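Numbering (the working numbering), first residue to last: 5 to 361.
Backbone N, C-alpha and C fix where the C-beta goes; we use that ideal spot for every residue, glycine too.
Keep in mind it's a predicted model, so treat the numbers as computed, not measured.
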């Protein structure tokens, strides 16, 4: 299988974090760079290695919007070859099935649609607030506002929530194309201005949402004098049941987000405690970018072909893995100050200006 632009690039899918992130990031960057990609040893260290339904849907969706020639798209496959042809903007609808994560699929779809030649509208059906993935509200309140600082315009609307295990959430996305992304420096977050949040439930007793909020307010008040406002949503439209607490820290130079999900047998106070502890970790450090935002920004930073820098409260394996994947495509120097698991500073410097994407 030949590439439309350069020779085939091969990536070891077991590197670093070794999960589905390498597949999503690799295919997304491949689509924009117009370089054929072969990923082998996909999720090799996982209990259920190879492609699972969530990963298969991401690859199939990317193949659809790029008219890619693909090999290895089947459940359990440990090798995928992907040769993108042309990014086709337009209107799309992707149904992930049950509670597969909408936001993880969007992580793969957004880079090529942003760097396309026209506007796109995408409807996604699946899990919007599910374990092991960013919730919809993180996407809307933290990730997309940060992309706007880079000149990237994306709007999202949640018309139905999708909880684990039933899913069925519906998200509509509007994407404005922009191949001239602005450089960004997020190294000093400045003064904490406000903490706000949302305590939401679907098809559960109303006291659950109130207990989540009340615990969070009491705990946060012990640690900061900043203004704190947490809204209650007792009837989030959904097929299944679920509870959710989301906290946003607004500073002078950025936003950070932290969340927790409820489950059967988990007290509302425990749900709140998990989100608050993540917030406390962030506030106790000088980093500007939270650990979740850090790795999600990397593909856009690499594709922008510009220099970027940011500080983060925690250098994660996901961040280091995404940096490594982007480096496989571009002549990019990554300077890392700090150790994995601790706070640090990341700088991306292009050693040579790549071709226009």
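| query | result |
| --- | --- |
| The stretch 49 to 61 touching the stretch 340 to 354, judged by at least three CB pairs closer than 8 Å | no |
| Cutoff 6 Å; reference residue 262; Cβ partners in own chain excluding five residues on either side | 251, 279, 282 and 283 |
| Simplified DSSP assignment, three categories, for residue 90 | coil |
| Beta strand (DSSP E) runs contained entirely in the stretch 218 to 277, provided each spans 3 or more residues | 231 to 237, 246 to 255 and 258 to 265 |
| Residues that residue 95 bridges to, as DSSP identifies them | 125 |
| Element boundaries [beta strand (DSSP E), containing residue 15] | 13 to 16 |
| CB contact flag (residue 94, residue 181, <8 Å) | no |
| Whole-Å CB distance - residue 100 paired with residue 128, under 8 Å assumed | 7 Å |
| In DSSP terms, what residue 315 is bridged to | 349 |
| Euclidean distance between Cα positions of residue 3 and residue 225 | Residue 3 is absent from the structure shown; the chain starts at 5 and stops at 361. |
| Beta-carbon spacing of residue 174, residue 163 below 8 Å | yes |
| Simplified DSSP assignment, three categories, for residue 215 | helix |
| For residue 135 and residue 16, the rounded distance between their alpha carbons | 26 Å |
| C-beta contact flag for residue 316 and residue 295 at 8 Å | yes |
| Test item: CB-CB of residue 205 and residue 246 under 8 Å | yes |
| Host beta strand (DSSP E) of residue 61 (start-end) | No beta strand (DSSP E) contains residue 61, which is instead part of the alpha helix (DSSP H) from 57 to 70. |
| Closest by C-alpha distance to residue 192, when choosing among 223, 349 and 91 | 349 |
| Rounded distance between the beta-carbons of residue 197 and residue 161, thought under 8 Å | About 26 Å; that fails the 8 Å criterion. |
| 8 Å Cβ cutoff met for residue 326 and residue 102 | no |
| With 16 other Cβ atoms within 10 Å as the buried cut-off, status of residue 415 | As displayed, the chain neither begins before 5 nor continues past 361, which places residue 415 out of reach and without an answer. |
| Residue 195 and residue 235 closer than 8 Å at C-beta | no |
| Residue environment, residue 169, which counts as buried when at least 16 other CB atoms sit within 10 Å | exposed |
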